[in-house]
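Protein chains in written order, with our numbering: chain A, 339 to 418; chain B, 339 to 418; chain C, 23 to 757; chain D, 1140 to 1374.
The C-beta atom is built at its ideal place from N, Cα and C for all residues, glycine as well.
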Ligand SMILES: Nc1ncnc2c1ncn2[C@@H]1O[C@H](COP(=O)(O)OP(=O)(O)O)[C@@H](O)[C@H]1O
Ligand SMILES: [Mg+2]
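Right, dumping it as structure tokens:
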């Protein structure tokens, strides 16, 4: 099974990289960019076909390692 | 408008980060993880409502700045 | 030979960078049409990068011996003895083309490669340097290349954990289409525990260590020797990615199994990875090698023999281990989380035999692939020497003060802080002199010994007169080491040139090597390692000839190393060496007068050595308080640098014989500026007389300004601001 | 009885030698080097040190993977019992990721790795880690990091400040707090903080690289000398 965990910064947490990219885009002449926030995606190959088990395991992995829940949110999608 | 640009490594390109995370997940006792690849997401707020223009601008931004097209692919989604 | 490989066509042969006559040679050698895998192996081994076919006969003329040389050219790195049972292991290598195509990864893997060359020999790396040449700042690509290359060098070295303590950054439109990234690594080993690449013993297991093999950089070796055309973009996907984390583990694991006495021979996998390393081990040991590719740890599925043999995946090593120590070695590698696999064995046949999926994919004579690969004596023309330019014939377009202001804020002379601040230059706690001085000084273990390290070359001199330019590059390295109080011991060279198939380019290469050789001989300053990078040209336009010299010197007591900053108010400023006011090819002529002409300053090798020995003796005798070598920009720029590094200005007079602009900005060689306590000036002058070294008193330190006789005084603080401003402003897009 | 220190070694750390040398020179005793896979600390350990570097390549997030290594359980237990723990640079990041210190260290404001000497104002001298300095004293030590930009939510910052747990701040050479001297953009110019118990310190700069007079600067000595003295008194 293929799964994707997307980790994004909680709103309110400042994002130096996003800010810098925002600035760079503006200086490259991209009008109308209001804001940029950067996050991470993890594309994970999982053995077996137990969707439910996989989701549970991934939530656990996100909580324990993939996301720093102090500053980050995460979303899990398991592709059939 | 909200848009998301997702940048992932081209297949075959070494992903040291993914490799290290894979190892960490295994040593944390997550069984059945076959592989992990890490990518980036950029959540971008765009002023106005010109979907088509926005997509064009984002493609341009991805090519020029957000993705390193030597080793990365990108995907653009503009949410209505 | 069973295989489902593509047939060998003239197109395929050409794509592999093999010339028709070279292919003929292959047919004669093996008496049949090569397999696809064999063609790949030949193309990797016989290309310029691995075979040195265009440069070898000329490299042989370089002096490589001295009583303190333990290993000269021919191994992964050079080795010299510094006493106390310690040896210094060092080498410089280029990663030019990959860095132009993918600046971050190209530069990063360049650093990774040269670090491996050093720890492969049993040394722990203690310092890195990097010599960078970029195109015109106004060229659209330059800023991105600078940002990417610098980030890549820092990204790899900082994470690996070696201080990056020195280097060079230059800009010239001639590098617009080919930037140069030359990385140097220096390590310390026990003199009686050096490891070499020659295999020995028949039936010995060949072990693969490090990271897994992927399709990274396939054809990287051939790419690195291919002239760029419009199709450079298509060459992109071959760029490999560096993993400094794995390299750090590889370092620790290798040093651990070396200490445990497990290793017979070791060779890192660099260009053309498995092919180059296996062939080198066998050829040097006069042994055959058999590889079983089914045992090679792969990252990707379905890799062909061709791909595995040409893959340039990083952070990999090949070793011949003592059979009885195999288990112990494997346990150590597992502990560090690295791959370990026996992939073949040594044989008595002198054949390079490669098996995959039960089939023989290659069966070739190993010596002809390796140390007996073809060498060329390419035709070359020596260009005619340019006319010397009389100082009097140059009308100064602005005052000396204005020129100084302009020069200290120019791309080539401005502070490179923006660059070296991105490199960890203090890690390991042994950096005595950080970037920004003449040579970096790095303490050896806990001292008292220290190494002085520098990298130098003046490409515009080399183009105007390859022979004098070659001499000057070595002379400047010699001066930089001397100025910190070090005794120059040996050097590594990285020869960057255009297409050697053009006689005028070949002439530059030959001329520079002759110049380097002459200087090395005159200074007892042998070449112990190096690297050649040719075909640095785009659409027929070559780079400036750039033979980078990496110099290493020894300081007996690191607490006595000399710095260039003024130390106190009211000290005498003395000029060591003769000044005619040589403006030909000077930065003053180029950046102030807008003319790139004339003969470069000639280098009097005997004077260089005499003046160097004199300055070193003054430093060791505690007679000087500051010392600085004179090079780009000439005397006044050097004095400004000494002032800017301190909190004192200077009051200066010029002698009348030489026109002021020529005296202050001429680039005459064999010169130093030193400061001396007033009460010691007489003694220094007496010593100079005895040593037949010309020394002139220029003035004294002190005050807030640099006041040149008859010129507008310049505030030290304002000069410093200009000096520091250009690079950050440029990188932020402001200029 | 000289201070007994244990230096944790994770794959990818690279300043463990600098740290071990500083501890040896100042405490007169070789520290124990403790491998990440070990489950326990040496008996009688006074001080646990997590040095700088790039544990696990700093992949994922700086310190994230190391923070979850087996040995960290032992460190947690050691800290819970009041044992002194020092984390420098990557060590600071690891302590934050492990939840032993609050907040996170983000990319430097200018997004570039920075290596240079900086000036730190020592805010307190009444902690085991800073007793070798005077409150308000300014020291010069090197930094070398790409992600040293300390941030935390308003509440956490308020608590840190309220409880006097900010012990080192980036400052000008004369001790002024000034954005021009805050090279990484850290909130409130925070360079080093304590946990609630005052027994766990994390800081970004490298005092261990400024401890030898012959190398030109000894401003980093105070931190180690203070700890040695603290344990001498205790004994
Ligand atoms: N310009 C040169 N001067 C002296 N020695 C050189 C030069 N170029 C290459 N060599 C030597 O030739 C050998 C092969 O060089 P190279 O292929 O760069 O080493 P490696 O295979 O370890 O990367 C090395 O020992 C190197 O020191
Ligand atoms: Mg090598």
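Checklist entry - What number of angstroms, rounded off, separates the C-alpha of residue 389 of chain A from the C-alpha of residue 199 of chain C? => result Here residue 389 of chain A refers to the residue found at position 51 of the first chain. Here residue 199 of chain C refers to the residue found at position 177 of the third chain. Computed Cα separation, rounded: 52 Å.
Checklist entry - By Cβ distance, which residues of its chain are closer than 7 Å to residue 487 of chain C, with the 5 residues on each side in sequence left out? => result Walking along the third chain from the start, residue 487 of chain C turns up at place 465. Shown here for residue 487 of chain C: same chain residues with a beta carbon closer than 7 Å to its own, the five before and five after excluded, namely 407, 408, 621 and 622 in chain order.
Checklist entry - Cα separation between residue 1258 of chain D and residue 1278 of chain D? => result The sequence position of residue 1258 of chain D within the fourth chain is 119, counting from 1. The sequence position of residue 1278 of chain D within the fourth chain is 139, counting from 1. The alpha-carbon of residue 1258 of chain D is positioned some 6 Å away from that of residue 1278 of chain D.
Item to check | is_contact[residue 355 of chain C, chain B] using C-beta, thresh 9 Å | outcome: Position 333 of the third chain, counted from the start, is the residue given in the question as residue 355 of chain C. Not one chain B Cβ lies under 9 Å of residue 355 of chain C.
Next on the checklist: So, under 8 Å CB-CB, residue 61 of chain C and residue 34 of chain C are touching, yes? Tell me the CB distance rounded to an integer number of Å.
Outcome noted: If you number the third chain from 1, residue 61 of chain C lands on position 39. If you number the third chain from 1, residue 34 of chain C lands on position 12. About 7 Å separates the two Cβ atoms, so the contact holds.
Item to check | Start-end ranges of the beta strand (DSSP E) lying completely within the segment 99-176 of chain C, minimum 3 residues | outcome: 100-105, 108-116 and 146-156
Item to check | Distance, residue 470 of chain C Cα to residue 722 of chain C Cα | outcome: One-based indexing of the third chain puts residue 722 of chain C at position 700. One-based indexing of the third chain puts residue 470 of chain C at position 448. C-alpha separation (whole angstroms): 33 Å.
Next on the checklist: Our contact map puts residue 480 of chain C next to residue 494 of chain C with C-beta atoms below 8 Å; I'd like the distance itself, whole angstroms only.
Outcome noted: Position 458 of the third chain, counted from the start, is the residue given in the question as residue 480 of chain C. Position 472 of the third chain, counted from the start, is the residue given in the question as residue 494 of chain C. At roughly 6 Å, the Cβ-Cβ gap stays under 8 Å, so residue 480 of chain C and residue 494 of chain C are in contact.
Next on the checklist: On the DSSP bridge list, what partners appear for residue 549 of chain C?
Outcome noted: As a working mapping, residue 549 of chain C is identified with position 527 in the third chain. Answer is C:513.
Item to check | Minimum C-alpha distance to residue 1238 of chain D - residue among D:1365, D:1333 and D:1364 | outcome: Taking the fourth chain and counting its residues from 1, the one referred to as residue 1238 of chain D is at position 99. Per the Cα distances, D:1333.
Next on the checklist: When you compare the CB positions of residue 341 of chain A and residue 1250 of chain D, do they come within less than 9 Å of one another, or not?
Outcome noted: Working through the first chain from its first residue, we reach residue 341 of chain A at position 3. Working through the fourth chain from its first residue, we reach residue 1250 of chain D at position 111. Cβ atoms of residue 341 of chain A and residue 1250 of chain D: not closer than 9 Å.
Item to check | Strand pairing of residue 1391 of chain D, partner residues [DSSP] | outcome: A question about residue 1391 of chain D goes unanswered here, because the residues of chain D that appear run from 1140 up to 1374.
Item to check | For residue 642 of chain C, the first and last residue of its enclosing alpha helix (DSSP H) | outcome: Here residue 642 of chain C refers to the residue found at position 620 when the third chain is read from its first residue. 627-642 is the span of the alpha helix (DSSP H), which, as asked, contains residue 642 of chain C.
Checklist entry - Is it buried or exposed for residue 496 of chain C, if we count other Cβ within 10 angstroms and need 16 for buried? => result As a working mapping, residue 496 of chain C is identified with position 474 in the third chain. Result: buried.
Checklist entry - For residue 650 of chain C, which three-state DSSP category applies? => result Position 628 of the third chain, counted from the start, is the residue given in the question as residue 650 of chain C. Residue state, collapsed to three classes: strand.
Item to check | Simplified DSSP assignment, three categories, for residue 615 of chain C | outcome: Numbered from its first residue, the third chain carries residue 615 of chain C at position 593. It is coil, neither helix nor strand.
Checklist entry - Are any of the Cβ atoms in chain E nearer than 9 Å to that of residue 369 of chain B? => result The structure shown contains no chain E; the protein chains it does contain are A, B, C and D.
Item to check | Where residue 255 of chain C sits in the DSSP three-state scheme | outcome: Walking along the third chain from the start, residue 255 of chain C turns up at place 233. Since pLDDT at residue 255 of chain C reaches only 41, below the 50 mark, its modelled position is unreliable, and no value is offered.
Checklist entry - Is there contact here, the segment 325-335 of chain C with the segment 192-211 of chain C, by at least three beta-carbon pairs under 8 Å? => result no
Checklist entry - Out of curiosity, what's the CA-to-CA distance linking residue 433 of chain C and residue 369 of chain A? => result Here the question's residue 433 of chain C lines up with position 411 in the third chain. Here the question's residue 369 of chain A lines up with position 31 in the first chain. When rounded, the distance between both Cα atoms is 32 Å.
Checklist entry - Given a threshold of 16 other Cβ atoms within 10 Å of its Cβ, counted over all protein chains shown, does residue 119 of chain C qualify as buried or as exposed? => result As a first step, residue 119 of chain C is located in the third chain; it is residue number 97 there, counting from the start. So residue 119 of chain C ends up on the buried side.
Item to check | Same chain only: Cβ atoms within 6 Å of residue 702 of chain C, ignoring 5 sequence neighbours per side | outcome: The residue given as residue 702 of chain C occupies position 680 in the third chain. Once the five neighbours on either side are set aside, the close Cβ partners of residue 702 of chain C are 645.
Checklist entry - Tell me the DSSP bridge mates of residue 80 of chain C? => result Numbered from its first residue, the third chain carries residue 80 of chain C at position 58. For residue 80 of chain C, which the question treats as bridged, DSSP gives no partner whatsoever.
Item to check | Status (buried if at least 16 other CB within 10 Å, exposed otherwise) for residue 11 of chain C | outcome: Residue 11 of chain C falls outside the range modelled here, since chain C spans only 23 to 757, and no answer is possible.
Next on the checklist: Across the segment 135-144 of chain C and the segment 163-170 of chain C, are there enough close Cβ pairs to call them in contact, namely three or more that are closer than 8 Å?
Outcome noted: no
Item to check | Sequence-distant residues of its chain with Cβ nearer than 6 Å to residue 344 of chain B (five each side left out) | outcome: Your numbering for residue 344 of chain B matches position 6 in the second chain. Excluding sequence neighbours, residue 344 of chain B sits near 379 and 413.
Checklist entry - Just checking my contact of residue 575 of chain C with residue 509 of chain C at CB under 8 Å: how many whole Å lie between their CB atoms? => result On the third chain, residue 575 of chain C is found 553 positions in, with the first residue counted as 1. On the third chain, residue 509 of chain C is found 487 positions in, with the first residue counted as 1. Yes, they are in contact, since the Cβ atoms of residue 575 of chain C and residue 509 of chain C sit about 6 Å apart, within 8 Å.
Next on the checklist: Does the beta-carbon of residue 611 of chain C, which I'm using as the reference point, lie nearer than 8 Å to any heavy atom of ligand 3?
Outcome noted: Ligands displayed in this structure: ligand 1 and ligand 2; ligand 3 is not among them.
Checklist entry - Going along the chain, which residues of the segment 345-371 of chain B sit with their C-beta nearer than 9 Å to a C-beta in chain D? => result 354, 355, 356, 357, 358, 359, 361, 362, 365 and 366
Item to check | residue 311 of chain C to residue 1162 of chain D span [Cα, whole Å] | outcome: Locating residue 311 of chain C in the third chain gives position 289, where the first residue counts as 1. Locating residue 1162 of chain D in the fourth chain gives position 23, where the first residue counts as 1. So the two alpha carbons sit approximately 49 Å from each other.
Next on the checklist: Distance check for residue 1341 of chain D and residue 1240 of chain D, CA to CA, integer angstroms please.
Outcome noted: Numbered from its first residue, the fourth chain carries residue 1240 of chain D at position 101. Numbered from its first residue, the fourth chain carries residue 1341 of chain D at position 202. Looking at the two C-alpha atoms, the distance is approximately 8 Å.
Item to check | Stretch pair the segment 448-456 of chain C + the segment 1156-1176 of chain D: three plus CB contacts closer than 8 Å | outcome: yes
Checklist entry - Does any CB atom of chain A fall closer than 9 Å to the CB of residue 415 of chain B? => result Position 77 of the second chain, counted from the start, is the residue given in the question as residue 415 of chain B. No - not a single Cβ of chain A is within 9 Å of the one on residue 415 of chain B.
Checklist entry - Helix, strand or coil: how does DSSP classify residue 246 of chain C here? => result Locating residue 246 of chain C in the third chain gives position 224, counting from the first residue. With a pLDDT of 47 at residue 246 of chain C, under the threshold of 50, the modelled position of that residue is not reliable, and no figure is offered here.
Item to check | Cutoff 9 Å: residue 383 of chain A Cβ touching any chain B Cβ | outcome: Your numbering for residue 383 of chain A matches position 45 in the first chain. Yes, its Cβ sits closer than 9 Å to a Cβ of chain B.
Next on the checklist: Please report the distance separating the alpha-carbon of residue 403 of chain A from that of residue 324 of chain C.
Outcome noted: Indexing the first chain from 1 puts residue 403 of chain A at position 65. Indexing the third chain from 1 puts residue 324 of chain C at position 302. Straight across, the Cα-Cα distance linking residue 403 of chain A with residue 324 of chain C is about 32 Å.
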